[in-house]
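Chemist: The numbers in the UniProt record's numbering rise by one with no breaks, and the one at position 405 of the sequence shown is 405.
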Amino acid sequence: MLQLLSSFWFIALAGLLVPVLIHLWNKKPPRVIKVGSIKWLAATASKKARSLRFQDWPLLLLRCLLLTVLVLFLVQPVWRQTLPPKSQKYVWVAPELLITPNLPLIQNTLDSLTQQNYELRQLRNTFPLLSAEDWINIKQGKLLIKADSGATNYWTLVQQLSHKFSTALEHLIFTPNNLNNFAGRRPVLNNTIHWVTIPTNQNKIWVQEAFPSNVDSLTVLLGRSTSSETRFTPYPFAKPISNQTVTIPDAPALLFSQEGKRAFLKIRNTPEIIEVEKDSMRVAIIYNQSRQADAGYVRATLEALRSYTHRPVAVQLSTTLNNLNSKADFLFWLSDAAIPDNIKLKLAQGLFIFKDVPTGIKSTTANWLTVTGWPASIRLSKHAPISRENSLQSWKNNYGESILHFVPAGKGGTYYFASRFNSQWNSLPESSYFPEILSSLLWPEPTIKYDARLIAETQVQPVIRRPTSHIVSENIHLRDLKYWFLLLAAILFLLERMVSFQKARV
Numbered sequence: 001m002l003q004l005l006s007s008f009w010f011i012a013l014a015g016l017l018v019p020v021l022i023h024l025w026n027k028k029p030p031r032v033i034k035v036g037s038i039k040w041l042a043a044t045a046s047k048k049a050r051s052l053r054f055q056d057w058p059l060l061l062l063r064c065l066l067l068t069v070l071v072l073f074l075v076q077p078v079w080r081q082t083l084p085p086k087s088q089k090y091v092w093v094a095p096e097l098l099i100t101p102n103l104p105l106i107q108n109t110l111d112s113l114t115q116q117n118y119e120l121r122q123l124r125n126t127f128p129l130l131s132a133e134d135w136i137n138i139k140q141g142k143l144l145i146k147a148d149s150g151a152t153n154y155w156t157l158v159q160q161l162s163h164k165f166s167t168a169l170e171h172l173i174f175t176p177n178n179l180n181n182f183a184g185r186r187p188v189l190n191n192t193i194h195w196v197t198i199p200t201n202q203n204k205i206w207v208q209e210a211f212p213s214n215v216d217s218l219t220v221l222l223g224r225s226t227s228s229e230t231r232f233t234p235y236p237f238a239k240p241i242s243n244q245t246v247t248i249p250d251a252p253a254l255l256f257s258q259e260g261k262r263a264f265l266k267i268r269n270t271p272e273i274i275e276v277e278k279d280s281m282r283v284a285i286i287y288n289q290s291r292q293a294d295a296g297y298v299r300a301t302l303e304a305l306r307s308y309t310h311r312p313v314a315v316q317l318s319t320t321l322n323n324l325n326s327k328a329d330f331l332f333w334l335s336d337a338a339i340p341d342n343i344k345l346k347l348a349q350g351l352f353i354f355k356d357v358p359t360g361i362k363s364t365t366a367n368w369l370t371v372t373g374w375p376a377s378i379r380l381s382k383h384a385p386i387s388r389e390n391s392l393q394s395w396k397n398n399y400g401e402s403i404l405h406f407v408p409a410g411k412g413g414t415y416y417f418a419s420r421f422n423s424q425w426n427s428l429p430e431s432s433y434f435p436e437i438l439s440s441l442l443w444p445e446p447t448i449k450y451d452a453r454l455i456a457e458t459q460v461q462p463v464i465r466r467p468t469s470h471i472v473s474e475n476i477h478l479r480d481l482k483y484w485f486l487l488l489a490a491i492l493f494l495l496e497r498m499v500s501f502q503k504a505r506v
């Protein structure tokens with residue numbers, strides 16, 4: 001079907017009046033008849049002079065046709081052709097489902113879908129195609145698919161494929177429903193998406209870290225992850241000899257080994273090896289006389305943490321910098337004195353500093369101190385508003401004001417606390433959660449290596465955008481014709497010149 005993209009140029013057809021007027025204006029000269037004498041002839045007006053008649057019809061038609069073709073060039077004609085709609089259907093499979101332990105869960109389903117001409121692809125960044133030969137090799141174990149390192153956000157990938165393959169009639173998505181594969185908001189997608197989750201959960205157990213509790217004992221922090229939770233449990237035991245097997249209740253056997261001064265632990269029959277940490281956590285507390293009680297609260301809490309977690313913690317209290325351990329990992333600066341520059345330089349090397357509010361700053365009152373993840377709120381009697389640029393804010397009061405700022409610097413950073421560890425300022429020292437709060441500062445929550453927690457299938461499903469009316473997607477092809485009309489105009493122009501030249505010679 002012919003379609004015109006710039007039909008307003010049809011106004012140029014008014015130019016057809018030009019050759020018409022030219023042909024009407026250019027009359028033929030009157031015919032001369034030779035006679036012997038004109039004495040007896042009366043003067044009369046020529047009828048041809050008074051009547052307008054078209055002359056040279058072929059030339060007139062050529063010129064009109066030339067102008068018409070030029071106008072058709074200007075209106076940009078295209079030939080619109082509707083092709084049969086694409087009927088491609090896709091099956092997207094997460095790489096985790098194509099490895100040997102999980103493949104039997106979906107093999108029969110994929111066999112059936114490929115026989116129905118579904119195109120099989122992997123659900124990963126490059127959306128690689130799995131040909132019929134690839135699928136046969138996967139089933140026979142000749143082609144091994146490797147899962148992506150790290151957690152892949154399936155919601156993001158499905159959003160990308162829905163845009164890239166928007167003309168498909170159907171997308172079938174097969175993924176596990178592990179919690180760490182879904183982050184952010186649920187996507188809003190078309191109703192061509194159909195998502196099926198395949199539970200592949202197996203309870204995971206691993207060694208998160210290991211450290212010496214005392215000179216002759218070790219503590220292993222064992223991670224356990226199930227479909228509903230992930231838990232870390234410390235297990236202390238006497239230091240074994242090299243190549244000795246360590247038994248932990250309800251856990252696989254551990255193998256202890258030594259290479260020189262370095263010690264290692266691993267779960268038997270697994271490749272992952274964890275090195276035993278050698279150094280203890282070195283904590284220094286600098287305080288002035290007005291904060292002697294504050295320093296005592298912090299020290300008592302650190303000793304409770306050492307007893308509960310079995311972590312080696314070396315605590316040093318001092319009112320001056322002379323006895324400060326130069327290799328401290330964490331420094332509580334409970335003093336009005338300014339932090340020396342030589343100590344600030346150690347922030348880039350991994351030192352963390354905790355500084356409370358100075359004396360003399362006007363304090364305000366609030367009701368509660370809240371932190372995400374705390375079981376209950378903490379009474380907050382006094383605090384002094386502080387502001388730090390480029391800081392991360394974590395603790396807030398009931399008015400939403402920041403109570404704790406963290407300013408990162410290299411491998412370390414500085415915590416600025418808008419209150420104090422004192423019962424006159426808040427109830428932190430009296431709270432049973434105080435050890436847990438300090439523990440979150442000294443030992444941030446460990447990264448979960450093997451997260452086996454699951455998400456419900458109803459939470460996996462995207463928000464379906466259902467059309468209000470039936471929309472038929474057409475595959476339309478447009479062929480540009482204007483240059484063909486330009487070529488035709490050139491041919492007509494040459495033909496017009498030839499005819500005009502022949503007329504002039506006659």
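A virtual CB, placed ideally from N, CA and C, is assigned to each residue, including glycine. No experiment lies behind these values; they were computed from the predicted model shown.
Kindly give me the distance between the Cβ atoms of F347 and A253, rounded to whole angstroms, as I take these residues to be in contact under 8 Å.
Modeler: Within the sequence shown, the letter at position 347 stands for residue 347. Within the sequence shown, the letter at position 253 stands for residue 253. The displayed chain sequence assigns Leu, not Phe, to residue 347. That pair is no contact at about 42 Å.
Chemist: Going along the chain, which residues of its own chain have a beta-carbon closer than 7 Å to the beta-carbon of S228, five neighbours each way excluded?
Modeler: Your numbering for residue 228 matches position 228 in the sequence shown. Cβ neighbours of S228 beyond the five flanking positions: R453.
Chemist: Straight-line CA distance for L144 to I99?
Modeler: In the sequence shown, the residue the question calls residue 144 occupies position 144. In the sequence shown, the residue the question calls residue 99 occupies position 99. Approximately 7 Å between the Cα atoms of the pair.
Chemist: Measure the CB-CB distance between Q202 and F232 and report whether it falls below 7 Å.
Modeler: Translated into the one-based positions of the sequence shown, residue 202 becomes position 202. Translated into the one-based positions of the sequence shown, residue 232 becomes position 232. Contact: no.
Chemist: Going by beta carbon distance, what residues of the same chain come within less than 8 Å of residue 509, once the five residues before and after it are set aside?
Modeler: Because the chain here runs from 1 to 506, residue 509 falls outside it and cannot be looked at.
Chemist: What whole-angstrom Cβ distance do L5 and Q76 have, given they're in contact under 8 Å?
Modeler: Along the sequence shown, one-based indexing puts residue 5 at 5. Along the sequence shown, one-based indexing puts residue 76 at 76. So it is a contact: roughly 4 Å between Cβ atoms.
Chemist: Alpha carbon to alpha carbon, what distance is there between C64 and I471?
Modeler: By one-based count along the sequence shown, residue 471 stands at place 471. By one-based count along the sequence shown, residue 64 stands at place 64. Because the pLDDT at I471 is just 47, under 50, the model does not fix this residue reliably, and the value given afterwards should be weighed accordingly. Rounded to the nearest angstrom, the two C-alpha atoms are 44 Å apart.
Chemist: Which class does P187 belong to by DSSP, given the choice of helix, strand or coil?
Modeler: Numbered from 1 along the sequence shown, position 187 holds the residue referred to as residue 187. Coil at P187, not helix or strand.
Chemist: For K278, collect the residues of the same chain with a Cβ closer than 6 Å to its Cβ; drop the 5 residues on either side in sequence, then sort them by chain order.
Modeler: One-based indexing of the sequence shown puts residue 278 at position 278. Closer than 6 Å at Cβ, skipping near neighbours: no residue.
Chemist: Going by the DSSP bridge assignment, what does V91 pair with across the sheet?
Modeler: As a first step, residue 91 must be located in the sequence shown, where it is residue number 91. Note: V91 sits in a beta bridge opposite L120 and L172.
Chemist: Which residues bound the alpha helix (DSSP H) around T301?
Modeler: Working through the sequence shown from its first residue, we reach residue 301 at position 301. From DSSP, the alpha helix (DSSP H) with T301 extends over Q292 to T309.
Chemist: Beta strand (DSSP E) containing F232: first to last residue?
Modeler: Here residue 232 refers to the residue found at position 232 of the sequence shown. Residues T230 to A238.
Chemist: Find out if the Cβ-Cβ distance for the pair P95, R121 is shorter than 7 Å.
Modeler: Along the sequence shown, one-based indexing puts residue 95 at 95. Along the sequence shown, one-based indexing puts residue 121 at 121. Contact flag unset, no.
Chemist: Of all the beta strand (DSSP E) runs that stay within the bounds of the segment 324–400, which reach a length of 3 or more residues?
Modeler: Taking only runs of at least 3 residues, the beta strand (DSSP E) segments lying wholly in the segment 324–400 are 330–334, 352–355 and 368–370.
Chemist: If you count every other CB in all the chains shown that lies within 10 Å of the CB of Q188, and 16 or more means buried, which is it?
Modeler: Numbered from its first residue, the sequence shown carries residue 188 at position 188. Note on identity: in this sequence residue 188 is Val, with Gln being the wrong assignment. With fewer than 16 other Cβ atoms within 10 Å, it is exposed.
Chemist: Go to R224, then tell me how far its beta strand (DSSP E) extends in each direction, as first and last residue.
Modeler: Your numbering for residue 224 matches position 224 in the sequence shown. Residues S217 to S225.
Chemist: Would a C-beta distance cut-off of 7 Å place R291 and V315 closer than the cut-off?
Modeler: Taking the first residue of the sequence shown as position 1, residue 291 is located at position 291. Taking the first residue of the sequence shown as position 1, residue 315 is located at position 315. No, Cβ-Cβ distance for R291 and V315 is not below 7 Å.
Chemist: Less than 8 Å between the CB atoms is what I'm expecting for L492 and V69, so what's the real figure, rounded?
Modeler: To locate residue 492, count along the sequence shown from 1; it is residue 492. To locate residue 69, count along the sequence shown from 1; it is residue 69. Going by Cβ atoms, the distance from L492 to V69 rounds to 6 Å, so yes, they are a contact pair.
Chemist: For F10, does the count of other Cβ atoms within 10 angstroms reach 16, so buried, or fall short, so exposed?
Modeler: Position 10 of the sequence shown holds residue 10. Counting Cβ neighbours within 10 Å, F10 comes out exposed, since fewer than 16 surround it.
Chemist: What is the DSSP secondary structure of M498, counted as helix, strand or coil?
Modeler: Working through the sequence shown from its first residue, we reach residue 498 at position 498. In this structure, M498 counts as helix in the three-state DSSP scheme.
Chemist: Report yes or no: is there a C-beta of chain B within less than 7 Å of the C-beta of Q76?
Modeler: The question asks about chain B, but that chain is absent: this structure has only one protein chain.
Chemist: For A49, count neighbouring Cβ atoms within 10 angstroms of its own Cβ and tell me buried if that reaches 16, exposed if not.
Modeler: Translated into positions along the sequence shown, residue 49 becomes position 49. Residue placement at A49 cannot be trusted, given a pLDDT of 46 that sits under 50; what the coordinates show is reported in the next sentence. By the 10 Å Cβ count, A49 comes out exposed.
Chemist: Can you grab the Cα-Cα spacing for the pair W368 / P240, in whole Å?
Modeler: Within the sequence shown, numbered from 1, the residue matching residue 368 stands at position 368. Within the sequence shown, numbered from 1, the residue matching residue 240 stands at position 240. In a straight line, the C-alpha of W368 is about 48 Å away from that of P240.
Chemist: For T230, which residues from the same chain have a beta carbon less than 8 Å from its beta carbon, with the 5 sequence-adjacent residues on both sides left out?
Modeler: What you label residue 230 is simply residue 230 of the sequence shown in a count that begins at 1. Counting only Cβ-Cβ distances below 8 Å, and skipping sequence neighbours, we find G223, R224, I448, D451, A452 and R453.
Chemist: Can you list, in chain order, the residues of its chain with a C-beta nearer than 6 Å to that of A168? Leave out the 5 residues immediately preceding and following it.
Modeler: Taking the first residue of the sequence shown as position 1, residue 168 is located at position 168. So the list reads Q88 and Y90, once near-sequence residues are dropped.
Chemist: Which residues in the same chain have their Cβ closer than 6 Å to the Cβ of Q244, if we skip the five residues on either side of it in sequence?
Modeler: Sequence index remark: in the sequence shown, residue 244 carries index 244 (1-based). The answer, listed in chain order, is F256.
Chemist: Opposite P212 in the DSSP bridges: which residues?
Modeler: What you label residue 212 is simply residue 212 of the sequence shown in a count that begins at 1. Answer is L218, bridged to P212.
Chemist: Would you mind stating whether Y287 and A295 have Cβ atoms separated by less than 7 Å?
Modeler: Working through the sequence shown from its first residue, we reach residue 287 at position 287. Working through the sequence shown from its first residue, we reach residue 295 at position 295. Their beta carbons are under 7 Å apart, which means Y287 touches A295 by this criterion.
Chemist: Given Q258, which residues of its chain have a CB within under 7 Å of its CB, disregarding the five upstream and five downstream residues?
Modeler: Along the sequence shown, one-based indexing puts residue 258 at 258. Closer than 7 Å at the Cβ level, and outside the excluded window around Q258, lie S242.
Chemist: Would you say V463 and T197 are within 7 Å of each other, going by their C-beta atoms?
Modeler: Residue mapping note: residue 463 aligns to position 463 of the sequence shown, counting from 1. Residue mapping note: residue 197 aligns to position 197 of the sequence shown, counting from 1. No, these two residues do not count as a Cβ contact at 7 Å.
Chemist: With a CB to CB cut of under 6 Å and the five nearest residues on each side skipped, what residues in its chain are close to F485?
Modeler: On the sequence shown, position 485 is the one that residue 485 refers to. For F485, where only same-chain residues beyond five positions count, the Cβ hits under 6 Å are V69, L72 and F73.
Chemist: Mind the definition here: the segment 418–437 touches the segment 259–268 only if three or more C-beta pairs lie below 8 Å; say whether that holds.
Modeler: With a cut-off of 8 Å, the segment 259–268 and the segment 418–437 do not count as touching, because too few Cβ pairs lie within range.
Chemist: Taking its Cβ as the centre, do 16 or more other Cβ atoms sit within 10 Å of D329, making it buried, or is it exposed?
Modeler: Mapped onto the sequence shown, residue 329 falls at position 329. Burial call: buried.
Chemist: Inspect the beta-carbon positions of I386 and Y416 and report whether they are closer than 7 Å.
Modeler: Stepping through the sequence shown from its first residue, residue 386 is reached at position 386. Stepping through the sequence shown from its first residue, residue 416 is reached at position 416. Yes; because the gap between Cβ atoms is below 7 Å, this pair is in contact.
Chemist: Is DSSP giving P128 helix, strand or coil here?
Modeler: Residue numbering aside, residue 128 sits at position 128 when the sequence shown is read from its first letter. DSSP places P128 in coil when its eight states are reduced to three.
Chemist: Please tell me whether P352 and G400 are closer than 7 Å, where the distance is taken between their beta carbons.
Modeler: Working through the sequence shown from its first residue, we reach residue 352 at position 352. Working through the sequence shown from its first residue, we reach residue 400 at position 400. According to the sequence displayed, residue 352 carries Phe and not Pro. No, the pair does not count as a contact, with Cβ atoms beyond the cut-off.
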